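Taken in order, these protein sequences are the chains called C and D. All residue numbers for the first sequence refer to the working numbering, where the first residue is 94 and numbers rise by one. All residue numbers for the second sequence refer to the working numbering, where the first residue is 221 and numbers rise by one. One structure is given here, and the rest of the page talks about it.
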Amino acid sequence: DAKTTQPNSMESNEEEPVHLPCNHSTISGTDYIHWYRQLPSQGPEYVIHGLTSNVNNRMASLAIAEDRKSSTLILHRATLRDAAVYYCILRKENNDMRFGAGTRLTVKP
Amino acid sequence: KAGVTQTPRYLIKTRGQQVTLSCSPISGHRSVSWYQQTPGQGLQFLFEYFSETQRNKGNFPGRFSGRQFSNSRSEMNVSTLELGDSALYLCASSWADHNEQFFGPGTRLTVL
Numbered sequence: 094d095a096k097t098t099q100p101n102s103m104e105s106n107e108e109e110p111v112h113l114p115c116n117h118s119t120i121s122g123t124d125y126i127h128w129y130r131q132l133p134s135q136g137p138e139y140v141i142h143g144l145t146s147n148v149n150n151r152m153a154s155l156a157i158a159e160d161r162k163s164s165t166l167i168l169h170r171a172t173l174r175d176a177a178v179y180y181c182i183l184r185k186e187n188n189d190m191r192f193g194a195g196t197r198l199t200v201k202p
Numbered sequence: 221k222a223g224v225t226q227t228p229r230y231l232i233k234t235r236g237q238q239v240t241l242s243c244s245p246i247s248g249h250r251s252v253s254w255y256q257q258t259p260g261q262g263l264q265f266l267f268e269y270f271s272e273t274q275r276n277k278g279n280f281p282g283r284f285s286g287r288q289f290s291n292s293r294s295e296m297n298v299s300t301l302e303l304g305d306s307a308l309y310l311c312a313s314s315w316a317d318h319n320e321q322f323f324g325p326g327t328r329l330t331v332l
């Protein structure tokens with residue numbers, strides 16, 4: 094099974110950019126890279142996803158390495174509401190999606 | 221558009237009993253996935269259904285089963301409950317493969 098590796102925790106200051114890394118060295122050519130986050134006492138929430146090219150949406154940007162063995166989720170200006178556990182997931186061609194332990198992001202005012 | 225709904229939201233059962241949890245996906249979504257979340261194991265994939273067929277299954281014993289109806293609503297069943305089955309059970313739906321999943325609020329199951 095393709096797996097992802099993320100730091101257990103990261104800290105950021107409010108209104109500063111945050112770069113959340115993810116390693117997925119065993120990714121296959123058809124795996125999509127998905128990011129979700131889970132706020133306290135809520136179900137996970139979709140953030141962004143991509144296959145090969147960098148992606149931007151209103152929430153974040155996703156930078157994918159050329160060899161696709163790693164990716165970085167970028168929050169351009171962290172707010173207190175961005176404090177959550179962020180999951181980097183490889184979604185397989187058959188729609189199989191497995192969550193790892195994620196990165197707990199703390200945002201300091 | 222209504223989100224993913226799960227019923228019941230909270231449930232208390234005793235060891236040996238069985239339980240059925242229900243999930244109503246967002247209208248038009250055909251894929252429904254189930255996850256178990258515990259403090260120790262995190263979010264673990266249970267199974268995924270698409271058009272009434274189970275496509276994927278996680279590493280859970282046969283006591284965990286599910287099904288999907290023609291209207292895409294899904295149920296999961298856990299038989300012979302164990303204390304370790306206490307968890308938050310999350311359901312997620314998506315419109316198509318590789319699209320984002322939308323999660324429901326979960327059902328909190330406590331086994332005594």
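C-beta: ideal position from N, C-alpha, C; glycine also. For clarity, every value in this text was computed on a predicted model and none was experimentally measured.
message = Just to confirm my understanding: we take N116(C), look at its own chain, exclude 5 residues before and 5 after, and list those with CB closer than 6 angstroms. What are they?
response = T98 and S163
request  = Give the secondary structure of G262(D) by DSSP, where H, G and I count as helix, E and B as strand, and everything else as coil.
outcome  = strand
message = At the level of alpha carbons, what is the spacing between G193(C) and Q261(D)?
response = 9 angstroms
request  = Name, please, each residue of chain C whose Cβ falls closer than 8 angstroms to the Cβ of L329(D).
outcome  = Those do not exist, as L329(D) stays about 15 angstroms from chain C at its closest Cβ, beyond 8 angstroms.
task = Could you tell me which chain D residues have their CB closer than 8 angstroms to the CB of Y139(C), listed as they occur along the chain?
result = E320, Q321 and F322
key: 8 angstroms Cβ cutoff met for R283(D) and S299(D)   = yes
request  = Could you check how far apart the C-beta atoms of G324(D) and G136(C) are, in whole angstroms? I think they sit under 8 angstroms.
outcome  = 6 angstroms
message = Please state the DSSP three-state secondary structure of R174(C).
response = Helix.
request  = Indicate whether the contact test is met: 3 or more Cβ pairs, each with one atom in the segment 261 to 276 of chain D and one in the segment 226 to 235 of chain D, closer than 8 angstroms.
outcome  = The segment 261 to 276 of chain D, when compared against the segment 226 to 235 of chain D, does not touch it at the 8 angstroms Cβ threshold.
query = How far does the beta strand (DSSP E) with Q288(D) in it reach, from first residue to last?
reply = F284 to Q288
query = Taking the alpha carbon of S251(D) as the point to measure from, which residue in A316(D), L266(D), R287(D) and L332(D) has its own alpha carbon closest?
reply = A316(D)
query = So the beta strand (DSSP E) M190(C) belongs to, where does it begin and stop?
reply = Element bounds for M190(C): n/a, residue is neither H nor E.
ask   = Using DSSP with H/G/I as helix, E/B as strand and the rest coil, what is G326(D)?
value = coil
key: Under 8 angstroms from the C-beta of H117(C): neighbouring residues of chain D   = Going along chain D, no residue has its Cβ under 8 angstroms from H117(C), so there is no contact; the nearest lies around 16 angstroms.
message = One question on the structure: do Q321(D) and A312(D) come within less than 8 angstroms of each other, judged by their Cβ atoms?
response = Against a cut-off of 8 angstroms, the Cβ pair of A312(D) and Q321(D) comes out as a contact.
key: Neighbouring residues, chain C, relative to R250(D) (Cβ below 7 angstroms)   = Those within 7 angstroms of R250(D) in chain C number zero; the least Cβ separation is about 11 angstroms.
task = Using only alpha-carbon positions, find the residue among A176(C), C181(C) and M152(C) that is nearest to H127(C).
result = C181(C)
task = Compare the Cα-Cα distances from P110(C) to each of I141(C), P100(C) and H169(C) and report the closest residue.
result = For P110(C), the closest of I141(C), P100(C) and H169(C) by C-alpha to C-alpha distance is H169(C).
ask   = T327(D) and L241(D): beta carbons closer than 8 angstroms?
value = yes
query = Looking only at its own chain, which residues have a Cβ that is under 6 angstroms from the Cβ of S253(D), when we skip the five neighbours before and after it?
reply = Sequence-distant Cβ neighbours of S253(D) in its own chain, meaning closer than 6 angstroms and more than five residues away, are E268 and A312.
query = Smallest Cα separation from P245(D): which of P281(D), N279(D) and N291(D)?
reply = N291(D)
key: Cutoff 8 angstroms: D175(C) Cβ touching any chain D Cβ   = no
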